[in-house]
Amino acid sequence: MREKILIILVFGFLTGCGNSSVISDIDQYVAIADESSDLKESITKYNAEDFNSDIINNMTYYELRDSEDKIYRIITDLITVDEIPYYYEFYYKNSDVVFSRIVELSKSGSDTLMNSRYYFSDSKLIKQIAQ
């Protein structure tokens, strides 16, 4: 019985260390993408309307792509009709999302209500960090 528990503990420790390495690699990839001068950013701004042509939110959409049109990052700033700001980041590697971040701010924009980070490997969520 002790051997089984020891094996489970060792396996759990090794699995945790493996995720830590993957998380570190993803953080490094995100930093490199953000600072790369080889990538080009496009910005699109628009207002979404309901069926009555009333504006329901304002959105700014940022795309970061390479010269071959491969996507590296998408950032969206969204302000709802209730004037609540949201911020979304998505980072891609080989067309798969590897990292995302979702932030919800207070109506005044001065307080963070939600700040969650999500790490993915092989299109599967491997870690979520909520602050």
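In the numbering used here, the protein residues as written are 2 to 132.
All C-beta atoms in this analysis are idealised placements derived from N, C-alpha and C, irrespective of residue type, glycine included.
Given the structure is predicted, the values throughout are model-derived calculations rather than measurements.
Subject >> Alpha-carbon to alpha-carbon, Val82 and Ala32 >> reply: 33 Å
Closest residue to Val99 among Met115, Leu126 and Thr61 (Cα-Cα distance): Leu126
I'd like to know whether the C-beta atoms of Val61 and Lys71 end up nearer to each other than 8 Å. Residue 61 is actually Thr in this sequence, not Val. No, the Cβ-Cβ distance between Thr61 and Lys71 is not below 8 Å.
**Report entry** For Asn137, three-class secondary structure by DSSP
**Finding:** Lying outside 2 to 132, the shown extent of the chain, residue 137 is not represented and no answer is given.
- Whole angstroms is fine: what's the gap from Glu69's alpha carbon to Ser96's? 13 Å
- Message: Given a cut-off of 8 Å on the beta-carbon distance, is the pair Glu36 and Leu65 in contact?
- Response: no
Taking the continuous beta strand (DSSP E) assigned at Ile85, which residues delimit it? Run containing Ile85: none; DSSP gives neither H nor E here.
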